[in-house]
Structure formats: structure tokens, C-alpha cells
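Participant: Below are the C-alpha cells for one structure; questions will follow.
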Amino acid sequence: GAVVSQHPSWVICKSGTSVKIECRSLDFQATTMFWYRQFPKQSLMLMATSNEGSKATYEQGVEKDKFLINHASLTLSTLTVTSAHPEDSSFYICSASDHSGANVLTFGAGSRLTVL
Amino acid sequence: QKEVEQDPGPLSVPEGAIVSLNCTYSNSAFQYFMWYRQYSRKGPELLMYTYSSGNKEDGRFTAQVDKSSKYISLFIRDSQPSDSATYLCAMTNTGNQFYFGTGTSLTVIP
């Protein structure tokens, strides 16, 4: 089945630094990838939809300059949290849909970000 | 009205029980229906998906879709402690936008 790899799984950084999270579709091409944020015991919150070769579409209230998304190839999308602050600490999850098959989403394992 | 409604629970059952998880939705255009299982601090894992109406069975899991009632269900037979997790329903029509329930927290007590 479709596999999405996400790295790193856990990252700790100092306030003011930037952190990059990678999301790769391993066995299919993903023209669209989605980035979610999840707080403890809460549901998924869609941050942005990433389209290969074009600018990401951000959900209302998500700062595009804070959360930079790049989808440079059909198998890789990256999320960069710029000038991270403690309130950015969260669980970030990417997902992708293999449009060549059924329209279902496959998720990465998630990345836990802790900003000190 | 939310696109997808799901009872958040929590749901607690004894080991071996049959578990029924449900979602309702408002958009009749949805064609693909998915169930995910999410363990704490992990990404959601696709359990089953169904296209259009009907039933689908995979081991102890059965997914049902009733498009006339806009209602989907996931049944877990012979529930195990390892089934303790949050279960999310999701749906889409084109695959460009996905709509999720809020998730139901399930605990299976040994």
C-alpha cells in the first residue's frame, strides 16, 4: 500500500530557530500533500494544502510566513517552522493521496516539535 | 452544521465486546469513506476505506456505508486491548479535500 515517510519524528529546538520537517511519498507520486497540526487529545487541524510546483494554500488563521511549505517534487513536501516559539510546540502530521488509486489519504508518522 | 459529525466518546468496553463507531455527514457528494486508527503520539493509520455504499470486511473490522442516510459505521468484533485508540472517520468526493470527524476515543478493558 501507499507509504508516507515523515522526518524527523521528534525535534527539540531553541526559541528563535527554524525547523524543517520532511514528508515523502515512498511508492507513489503525490501531486497534493496536506499538513496538519494536532494538539493533545484534539482532532486534526488542517494547516495547508501543498501542491507540487505551486504555492501552498493555507487555511484561515495559519501564518504563511511562519509555516513555510515547499512542494518541489512529486514525492517531497517540506514544512519549515520559522523563528519558532514555545507556542509552536505541537504534533505536525503530513499526508498524501495517491490519485492513481482510490482517493484515500495516507499519513506520515508525525513530528513532535518542542520549542524551548 | 459541520460536514462530518462523530461522537467523541470516550467509549469504554470489556475485552471481547463488539464495538460500533459511527459518523454522519451532510454532503451527498462524498464517495470515498475512510476509517483511521490513531494511537497516542502517532500519525493516523488507515484501517479501511469504502467507495460509495455497501459493506466491507477485513478480519475483525467491518465498514458500512449508508448513503441514503448519510451514515457510516465501523464495527470491531472481539475487541482487544490493543484496539484502544482514537478512531477517525474521513470522507471525500474528489480527493482534493478531505473532511474528518473529531475522533472517538476507545478503551478496551482486559
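One line per chain: the protein sequences are A and B, in this order.
Position 88 of the first sequence, counting from 1, maps to 94 under our numbering, and the rest follow consecutively.
Position 47 of the second sequence, counting from 1, maps to 1161 under our numbering, and the rest follow consecutively.
Don't be surprised by glycine CBs; every beta carbon is placed ideally from N, CA and C.
Keep in mind the model is a prediction, meaning the values are calculated, not measured.
1. Which ranges does the beta strand (DSSP E) cover as unbroken runs of at least 3 residues, wholly within the stretch 18-101 of chain A, from first to last along the chain?
2. Output yes if chain A places a C-beta closer than 8 Å to the C-beta of Glu-1124 (chain B); else output no.
3. Beta-carbon of Asn-1141 (chain B) versus every beta-carbon of chain A: anything under 8 Å?
4. Are the C-beta of Lys-1116 (chain B) and some C-beta of chain A separated by less than 8 Å?
5. I need the DSSP call for Asp-1180 (chain B), collapsed to helix, strand or coil.
6. How many Å lie between Ser-1140 (chain B) and Lys-1116 (chain B) at the Cα?
7. Would you call Ser-117 (chain A) buried or exposed, if buried means 16 or more other Cβ atoms sit within 10 Å of its Cβ?
8. Short of 8 Å Cβ to Cβ, which residues in the stretch 1148-1179 of chain B face chain A?
9. List, in order along the chain, the chain A residues whose C-beta lies closer than 7 Å to that of Thr-1216 (chain B)?
10. Going by Cα to Cα distance, which pick from B:Leu-1188, B:Pro-1124, B:Pro-1224, B:Asn-1136 is closest to Glu-1171 (chain B)?
11. If you measure between the beta carbons of Val-25 (chain A) and Ala-90 (chain A), is that distance less than 8 Å?
12. If you count every other CB in all the chains shown that lies within 10 Å of the CB of Phe-113 (chain A), and 16 or more means buried, which is it?
13. List the endpoints of the continuous beta strand (DSSP E) containing Asn-1136 (chain B).
14. Does the beta carbon of Phe-1144 (chain B) sit closer than 8 Å to a beta carbon anywhere in chain A?
15. Check the DSSP bridge columns for Pro-1128 (chain B) and list the partner residues they point to.
Facilitator: Answer, in terms of the structure:
1. Qualifying beta strand (DSSP E) stretches, in chain order: 25-31, 38-44, 51-57, 73-79, 82-87.
2. If you number the second sequence from 1, residue 1124 (chain B) lands on position 10. The residue you asked about is not Glu; residue 1124 (chain B) is Pro in the sequence shown. Residue contact with chain A for Pro-1124 (chain B): absent (no Cβ-Cβ distance below 8 Å to any residue of chain A).
3. To locate residue 1141 (chain B), count along the second sequence from 1; it is residue 27. For Asn-1141 (chain B), the closest Cβ of chain A is not nearer than 8 Å.
4. Start at 1 with the first residue of the second sequence, and residue 1116 (chain B) comes out as number 2. For Lys-1116 (chain B), the answer is no, since every Cβ of chain A falls outside 8 Å of its Cβ.
5. Numbered from its first residue, the second sequence carries residue 1180 (chain B) at position 66. In this structure, Asp-1180 (chain B) counts as strand in the three-state DSSP scheme.
6. Start at 1 with the first residue of the second sequence, and residue 1140 (chain B) comes out as number 26. Start at 1 with the first residue of the second sequence, and residue 1116 (chain B) comes out as number 2. Separation of Ser-1140 (chain B) and Lys-1116 (chain B) (C-alpha to C-alpha, rounded to the nearest whole angstrom) is 8 Å.
7. Translated into the one-based positions of the first sequence, residue 117 (chain A) becomes position 111. With 16 or more Cβ atoms within 10 Å of its Cβ, Ser-117 (chain A) is classed as buried.
8. Listed by position, the residues of the stretch 1148-1179 of chain B near chain A (Cβ gap below 8 Å) are Met-1148, Tyr-1150, Arg-1155, Lys-1156, Gly-1157, Pro-1158, Glu-1159, Leu-1160, Tyr-1163, Tyr-1165.
9. On the second sequence, residue 1216 (chain B) is found 102 positions in, with the first residue counted as 1. Those are Ser-49, listed as they occur along chain A.
10. In the second sequence, residue 1171 (chain B) corresponds to position 57, counting from 1. The shortest C-alpha separation from Glu-1171 (chain B) is found at B:Leu-1188.
11. In the first sequence, residue 25 (chain A) corresponds to position 19, counting from 1. In the first sequence, residue 90 (chain A) corresponds to position 84, counting from 1. Contact: yes.
12. Locating residue 113 (chain A) in the first sequence gives position 107, where the first residue counts as 1. Buried, by the Cβ-count rule.
13. The residue you call residue 1136 (chain B) lines up with position 22 of the second sequence. According to the DSSP assignment, Asn-1136 (chain B) belongs to the beta strand (DSSP E) that extends over 1133-1139.
14. Along the second sequence, one-based indexing puts residue 1144 (chain B) at 30. Using beta-carbon distances, Phe-1144 (chain B) does not count as an interface residue toward chain A, since no partner is under 8 Å.
15. Against the second sequence, residue 1128 (chain B) aligns to sequence position 14. DSSP lists B:Ile-1223 as the bridge partner or partners of Pro-1128 (chain B).
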